[in-house]
Amino acid sequence: MTAFFTRGPRTDRLRAVRASMRTPVRVASSAVIVLLGVNAPGVISSGSALALLRVPLEAILALVILAVLPWTPVRRIVASLAALVFIATILGAALDRGFVLAVGQPFNVVTGWPDLASAYGVMSDSTGAAVAPVIVGLLGIAAAVVALVLTRALLQLAAVIRQRARITRIGASAVAAAWIVLALVGVQIVPGQPVAAADTVRMTVTKADQVTTAVAEQAAFERAAATDAFADVPASDLLGGLKGKDVIVAFVESYGQVAVQNTAFSKGVNDVLVKGTADLAAHGYSQRSAFLTSSTFGGISWLAHSTLQTGLWIDSQHKYDQVTSGNRLTLSSAFKKAGWRTVSVVPSNDRPWPVGKSFYHYDAEINSTNMGYRGPRFSYARVPDQFTLAHVQKTELAQPHRPLMAEIDFVSSHTPWTPLPNEVPWDSIGDGAIYDPQPAQGLAPSEVWQSAQRVQQLYGRSIEYSMSTLFSFLTTYDNPNLVLVVLGDHQPAAVVSGADANHVVPISVISKDPAVIDRISSWAWDPGMLPSPNAPLWRMDEFRDRFLTAFQR
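Have a look at this one:
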């Protein structure tokens with residue numbers, strides 16, 4: 069019986085065969101893991117799995133270095149560092165992809181860090197405060213696991229290379245030569261993704277360029293912020309051309325050029341604008357329209373608001389924080405200085421906004437907590453635009469007061485653009501309970517975002533709703549002293565605007581007083597609410613100075 073359990077020649081041969089089979093499998097699996105890890109950034113940026121078939125320079129260099137290192141502990145350290153570099157490149161590509169889709173530009177390693185907090189806030193709003201940290205934790209765990217797997221795969225391949233030095237030298241030379249030829253020829257496996265890949269090198273160069281550019285832009289920004297032609301203008305000389313007028317600056321969320329020109333959904337918006345122009349004219353209004361280039365895209369609306377108000381190009385959270393911690397003259401503070409009551413109306417806010425007092429110097433702030441809204445939540449923002457306008461009419465415009473200047477944010481056109489409210493009779497709005505049955509008519513965001521075409525259609529409808537509501541408000545409540553500046557804050561996200569969309573948004577001035585329109589005649593803006601393709605185009609930071617100049621005493 070003892071002999072039965074004794075290992076014999078047959079058993080030894082089976083073990084040897086199994087061992088010989090395991091080695092190629094380990095090598096092949098390690099090679100696949102390394103290719104997946106190093107080529108993952110290309111897959112993320114291109115959105116094509118074909119990018120996995122590229123030849124990565126970084127993998128070649130890492131394996132050669134690991135193969136020539138003599139000490140095992142050193143090889144482990146170097147392999148771990150290489151894996152961390154590859155993970156950082158993957159995360160960088162993911163951030164770039166997400167930022168391009170959301171705000172139209174890659175993640176900036178100098179100025180983009182505060183935006184991560186905003187992105188987390190959006191995710192928390194979408195998934196819930198309890199789920200968001202779990203998602204972040206899982207992502208961290210996943211990154212750690214991938215780093216460990218990559219490290220092991222690199223060490224496995226490096227060991228094989230050391231054992232077969234002559235063969236691997238020939239193979240490495242051949243691969244390196246092929247890489248150089250492919251790089252020189254410029255062969256691409258998918259558009260923008262050369263077969264001769266060097267994602268880590270490319271990203272390092274790109275981020276280094278960002279640092280250089282950010283330093284130069286910051287210096288230019290600080291020079292611009294150091295001077296202000298209107299800082300010392302006496303109150304008596306400010307905004308005399310609007311004396312006695314109620315002035316509303318209305319930002320329409322995501323109201324971009326794509327809403328009015330050359331898209332499948334722009335016809336519906338154009339029809340609303342053309343009809344609105346006619347309806348306003350019938351009630352004695354005149355309008356002039358043009359375009360502005362916004363400082364942001366797809367989101368981070370407060371950058372556009374501060375750019376328009378300060379006359380400075382504020383395209384990052386860093387610049388926003390820098391400016392709002394100072395005392396730059398804003399449009400709202402200029403109106404307040406000249407004797408207007410100033411109010412901010414931000415229905416999406418549900419918490420204190422310190423900058424509203426400390427920087428913009430608003431006399432009052434209206435938000436979702438003090439509007440008295442008792443209806444259902446719509447989309448991103450709880451309060452429909454029509455209710456917002458009705459509340460401003462009741463609590464501000466209809467009350468005895470000194471002239472009013474208000475910035476109002478129209479938020480019904482905020483992503484995800486569903487469910488959308490319907491217009492209701494103005495005298496039936498009350499506390500918003502009339503909206504209770506409406507959300508059931510909408511689609512859940514998860515249903516909508518399965519189709520880009522569906523997203524675009526609902527985006528267009530949201531702009532139609534916001535603008536139609538505005539026109540209805542103006543024709544319902546007669547206020548001969550009301551002047552409006554209506555504009556978009558930024559283009560909608562890339563899923564609507566397209567991958568290469570610009571940052572252009574429409575802007576209109578509306579007034580019943582011919583003298584107001586005469587003041588801006590030199591601007592040569594188009595008549596009506598629908599700017600033509602040839603309408604003037606300014607940068608958004610030019611507006612403050614042109615506006616203050618046009619309406620100074």
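Count the sequence shown with the numbering used here and you get residues 69 to 621, in order. Built from N, CA and C at the ideal position, the CB exists for glycine as well. Here the structure is a predicted model, which is why all the values come from computation and not from measurement.
- For Thr219, the CB contacts under 6 Å within the same chain, skipping 5 residues up- and downstream, are Ala147, Ser148 and Ala151 in chain order.
- In terms of Cα proximity to Met597, the closest of Tyr323, Ala198, Ile497 and Leu222 is Tyr323.
- For Val320, the enclosing beta strand (DSSP E) covers residues Asp314 to Val320.
- Burial check for Ile209: the Cβ neighbour count within 10 Å stays below 16, so the residue is exposed.
- Counting only runs that start and end inside the stretch 471-537, the alpha helix (DSSP H) elements of at least 4 residues fall at 513-516.
- In the DSSP annotation of this structure, Glu464 is not part of any alpha helix (DSSP H), being labelled neither H nor E.
- Beta-bridge pairing by DSSP links Trp606 to Leu360.
- Residue nearest to Val301 within the set Ala474, Leu397 and Arg94 is Leu397 (criterion: CA-CA distance).
- Taking every protein chain shown into account, the CB of Asp164 has 16 or more other CB atoms within 10 angstroms, so this residue is buried.
- DSSP lists Ala358 and Leu555 as the beta-bridge partner residues of Ile575.
- Taking all protein chains shown into account, Lys462 has fewer than 16 neighbouring C-beta atoms within 10 Å of its C-beta and is therefore exposed.
- Between Leu129 and Ala226, the CB-CB gap reaches or exceeds 8 Å.
- The DSSP-derived three-state label of Leu216 is helix.
- Under the three-state reduction of DSSP, Ala294 is assigned to coil, being neither helix nor strand.
- Beta-bridge partners assigned by DSSP to Leu550: Asp314.
- Straight across, the Cα-Cα distance linking Pro259 with Ala119 is about 10 Å.
- For Thr179, there is no enclosing alpha helix (DSSP H), since its DSSP letter is neither H nor E.
- Judged by beta-carbon spacing, Pro487 lies within the 8 Å limit of Phe446, meaning their Cβ atoms are closer than that value.
- Membership of Val153 in the alpha helix (DSSP H) is indicated by the continuous run Thr140 to Val171.
- The bridge partners DSSP lists for Thr410 are Met473.
- Per DSSP, the unbroken beta strand (DSSP E) holding Ala432 starts and ends at Ala432 to Asn435.
- In this structure, Ser412 lies away from Gly394, with their beta-carbon atoms at least 8 Å apart.
- Taken through DSSP and simplified to helix, strand or coil, Val123 comes out as strand.
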